[in-house]
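A.B. asks: Below are the structure tokens for one structure; questions will follow.
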Amino acid sequence: MFRRLFYGGLLIGSLAMLLFVLGFVCLQFGLALLMGLFYLLASKVMLLALALLALLGLLTLFTAVCRELRGYFSRESSALRQLLCLQIRRQDLERLKVAECRQLSYLTRFKRQRLLAADNRKQARELSVAIDHELQAAKSQLPTSRYKDLRKALRSYRKQADSAAMLALRRQLHVAD
Numbered sequence: 011m012f013r014r015l016f017y018g019g020l021l022i023g024s025l026a027m028l029l030f031v032l033g034f035v036c037l038q039f040g041l042a043l044l045m046g047l048f049y050l051l052a053s054k055v056m057l058l059a060l061a062l063l064a065l066l067g068l069l070t071l072f073t074a075v076c077r078e079l080r081g082y083f084s085r086e087s088s089a090l091r092q093l094l095c096l097q098i099r100r101q102d103l104e105r106l107k108v109a110e111c112r113q114l115s116y117l118t119r120f121k122r123q124r125l126l127a128a129d130n131r132k133q134a135r136e137l138s139v140a141i142d143h144e145l146q147a148a149k150s151q152l153p154t155s156r157y158k159d160l161r162k163a164l165r166s167y168r169k170q171a172d173s174a175a176m177l178a179l180r181r182q183l184h185v186a187d
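Following my numbering, the numbering of the sequence shown begins with 11 at its first residue and continues without gaps.
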């Protein structure tokens with residue numbers, strides 16, 4: 011049907027061109043009245059041909075849109091879109107699960123570090139108290155200047171939370187005994 015309309019439009023356009031040529035020939039022979047008639051008729055036929063081709067274009071566009079809409083709303087394409095939606099949702103859930111696992115891992119690592127730091131502070135405080143008691147016990151056996159130096163060093167190490175230095179101080183205390 012479209013092919014027939016297309017060829018019909020081309021045929022009408024060809025007829026209009028033929029009328030234009032006939033009008034030109036009439037102009038060459040000096041037949042102005044006939045030339046005017048042919049040009050007037052040719053312009054109307056050309057307008058008809060262009061209108062027919064434009065109508066054919068619109069009709070082709072309309073059928074293409076209808077065909078695409080029918081294809082879009084068909085059961086197969088609807089099922090395919092639902093399947094793709096489910097796949098995308100599954101991928102999103104997997105990404106969300108990975109992100110939540112990372113966040114949970116980060117939070118547990120952060121809490122573990124906080125607990126470790128708190129435990130280290132507690133251990134350093136207990137070690138400092140134990141060394142302080144040992145230092146008090148050994149006070150009578152140590153010279154006063156040595157005792158004050160050890161006490162000052164212990165306070166300094168306690169502020170720095172330096173357990174290794176406190177243990178070294180403790181060894182010095184026992185070596186002095």
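All C-beta atoms in this analysis are idealised placements derived from N, C-alpha and C, irrespective of residue type, glycine included.
Everything numeric in this text was worked out from a predicted model, so none of it was measured.
Given a threshold of 16 other Cβ atoms within 10 Å of its Cβ, counted over all protein chains shown, does LEU117 qualify as buried or as exposed?
C.D. replies: Exposed, because fewer than 16 other Cβ atoms sit within 10 Å of the Cβ of LEU117.
A.B. asks: Could you pull out every residue in the same chain whose Cβ sits closer than 8 Å to the Cβ of ARG131, ignoring the five residues on either side in sequence?
C.D. replies: Taken in chain order, the residues that qualify are ALA171.
A.B. asks: Consult DSSP for PHE83 and reduce its assignment to one of helix, strand or coil.
C.D. replies: Note: PHE83 maps to coil in three-state DSSP.
A.B. asks: Taking all protein chains shown into account, do 16 or more other C-beta atoms lie within 10 angstroms of the C-beta of ARG168, making it buried, or fewer, making it exposed?
C.D. replies: Under this definition ARG168 is a buried residue.
A.B. asks: Start and end of the alpha helix (DSSP H) containing GLY23?
C.D. replies: Start and end: 12-38.
A.B. asks: Thinking C-alpha only, which one of CYS36, LEU145, LEU103, LYS107 is nearest MET176?
C.D. replies: Answer by Cα proximity: LEU145.
A.B. asks: Is the beta carbon of LEU37 sitting closer than 8 Å to the one on MET45?
C.D. replies: Closer than 8 Å, so yes.
A.B. asks: Taking just the CA atoms, how far does GLY33 sit from LEU62?
C.D. replies: Rounded to whole angstroms, LEU62 to GLY33 spans 23 Å at the Cα level.
A.B. asks: List in chain order: all unbroken alpha helix (DSSP H) runs of 4+ residues lying wholly within the region 111-186.
C.D. replies: Runs found: 154-170, 173-186.
A.B. asks: Between ILE98 and VAL55, which are expected to be in contact by the criterion C-beta below 8 Å, what is the C-beta distance as a whole number of angstroms?
C.D. replies: That pair is no contact at about 57 Å.
A.B. asks: Do LEU51 and PHE16 come within 8 Å of each other at the CB atom, strictly closer than that value?
C.D. replies: No, they are not a contact pair.
A.B. asks: Using only the alpha-carbon positions, how far apart do SER138 and LEU164 sit?
C.D. replies: Cα to Cα, the separation comes out at about 7 Å.
A.B. asks: Could you check if LEU103 is buried or exposed, using at least 16 other CB atoms within 10 Å of its CB as the buried criterion?
C.D. replies: LEU103 comes out exposed.
A.B. asks: State the Cα-Cα distance for the pair ARG100 and LEU93, rounded to the nearest angstrom.
C.D. replies: Spanning the two alpha carbons is a distance of roughly 11 Å.
A.B. asks: Let me check understanding here. Comparing Cα to Cα, which of VAL185, ALA128, ARG124, GLN133 lies closest to LEU152?
C.D. replies: Nearest C-alpha to LEU152: VAL185.
A.B. asks: Reducing DSSP to helix, strand and coil, say where LEU41 ends up.
C.D. replies: Looking at LEU41 - three-state DSSP - the assignment turns out to be coil, as it is neither helix nor strand.
A.B. asks: Whole-angstrom Cβ separation of ALA147 and SER173, contact assumed at under 8 Å?
C.D. replies: Rounded, the Cβ-Cβ distance is 21 Å, inconsistent with contact.
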